[in-house]
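Trainee:
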Amino acid sequence: MKKPQVLLADDHKIVAEGLRSLLEPEFEIVGTVEDGQALIATAEELRPDIAVVDITMPLLNGIEAVLRLKKIQEDIKVVFLTMHPDVAYAVSAFESGASGYVLKHSAPEELVTAIREALKGRTYVTPLIAGELMQSYKKGSHRERDILSQLTSRQRQVLQLLAEGRSTKDTATILNISTRTVEFHKYRMMDDLGIKTGADLIRYAVKHGIVSP
201 MKKPQVLLAD
211 DHKIVAEGLR
221 SLLEPEFEIV
231 GTVEDGQALI
241 ATAEELRPDI
251 AVVDITMPLL
261 NGIEAVLRLK
271 KIQEDIKVVF
281 LTMHPDVAYA
291 VSAFESGASG
301 YVLKHSAPEE
311 LVTAIREALK
321 GRTYVTPLIA
331 GELMQSYKKG
341 SHRERDILSQ
351 LTSRQRQVLQ
361 LLAEGRSTKD
371 TATILNISTR
381 TVEFHKYRMM
391 DDLGIKTGAD
401 LIRYAVKHGI
411 VSP
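Take 201 as the starting number for the sequence shown in the working numbering and just add one per residue.
Structure (structure tokens):
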């Protein structure tokens, strides 16, 4: 019987190798990638059954990458494996099209269970936040604009690259836009978010998990 094909997306090589060892007995690991852009490109090429994705990754965070990936490969299943226990991230993850949400400090067997459930068309939420997530939906607080939806897709790209320490010129080159456009997006974000300085904008990105500290 053919094993389900899994693509791993995590910018920590040790984590990725540990996941490979954990999953290989039951699943075929078709590849590992270290950033959101590579996730999209590799998934489009390999067409795996499921992707295990971290939220905080270089170039393009996991949630933004999955939003785009789902437009290309609607039937791909996604399980987020992340360090973020905040329910707001889980809400954003499921709204992006994910089938599972597991924390990195959960028992390893939990990830295997989440993948199995996702492949069956079901949803899995780690018990560590399941109750809080349910309360969020009951209260309707999940309908509030989340931290990422305040920005356009292009703004989120610009913010992530700048927060990673890239210059305006490098950001413009990566996104194939002008430096003037980068500056426009930067100051528009600062105005929309009520942020006064570039340094505060970077702190915002770190605080909300768009990039790692």
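Cβ coordinates follow ideal geometry from the N, Cα and C atoms, glycine included.
Counting Cβ pairs, one atom from each stretch, are 3 or more of them under 8 Å apart for the segment 218-233 and the segment 260-268?
Mentor: Judged by Cβ distances under 8 Å, the segment 218-233 makes no contact with the segment 260-268, as fewer than three pairs qualify.
Trainee: Does DSSP put Phe280 in a helix, in a strand, or in coil?
Mentor: Locating residue 280 in the sequence shown gives position 80, where the first residue counts as 1. Strand at Phe280.
Trainee: So, helix, strand or coil for Ser232, using DSSP?
Mentor: As a working note, residue 232 is residue 32 in the sequence shown. Just to set this straight, residue 232 is Thr in the shown sequence, not Ser. The answer is strand: DSSP assigns Thr232 an E or B state.
Trainee: Check whether the segment 349-368 touches the segment 319-338, counting contact only when three or more Cβ pairs, one atom from each stretch, lie closer than 8 Å.
Mentor: The segment 349-368 vs the segment 319-338: no contact.
Trainee: Excluding the five sequence neighbours on either side, which residues of its own chain have a C-beta within less than 6 Å of the C-beta of Ile240, listed in chain order?
Mentor: Taking the first residue of the sequence shown as 1, we reach residue 240 at position 40. Only Ala265, Arg268, Leu269 meet the Cβ criterion.
Trainee: Please tell me whether Asp392 has its Cβ less than 8 Å away from any Cβ of chain C.
Mentor: In the structure shown, chain C cannot be found, because there is only a single protein chain.
Trainee: Looking at the structure shown, is Arg343 part of a helix, part of a strand, or coil, going by DSSP?
Mentor: Numbered from its first residue, the sequence shown carries residue 343 at position 143. With a pLDDT of 47 at Arg343, under the threshold of 50, the modelled position of that residue is not reliable, and no figure is offered here.
Trainee: Taking the Cβ atom as the reference point for each residue, do Val411 and Gln360 lie within a distance shorter than 8 Å?
Mentor: Residue mapping note: residue 411 aligns to position 211 of the sequence shown, counting from 1. Residue mapping note: residue 360 aligns to position 160 of the sequence shown, counting from 1. Yes, Cβ-Cβ distance for Val411 and Gln360 is below 8 Å.
Trainee: Around the C-beta of Arg345, are 16 or more other C-beta atoms found within 10 angstroms, so that it is buried, or is it exposed?
Mentor: In the sequence shown, residue 345 corresponds to position 145, counting from 1. For Arg345, the pLDDT reaches just 46, beneath the cut-off of 50, and the residue's location in the model is therefore unreliable, although a value from the coordinates is still provided. Exposed, because fewer than 16 other Cβ atoms sit within 10 Å of the Cβ of Arg345.
Trainee: DSSP three-state label for Ala298, please.
Mentor: Mapped onto the sequence shown, residue 298 falls at position 98. Three-state result, Ala298: coil.
Trainee: Given 8 Å as the limit, is there contact between the segment 293-310 and the segment 201-208, that is, 3 or more CB pairs closer than that?
Mentor: Output reads no: the segment 201-208 does not touch the segment 293-310.
Trainee: Please name the residue or residues paired with Gln205 in a DSSP beta bridge.
Mentor: Locating residue 205 in the sequence shown gives position 5, counting from the first residue. In DSSP, Gln205 forms a bridge with Glu228.
Trainee: Residue range of the alpha helix (DSSP H) that Val266 falls in?
Mentor: Walking along the sequence shown from the start, residue 266 turns up at place 66. Looking at the DSSP string, the run of the alpha helix (DSSP H) that includes Val266 is 262-272.
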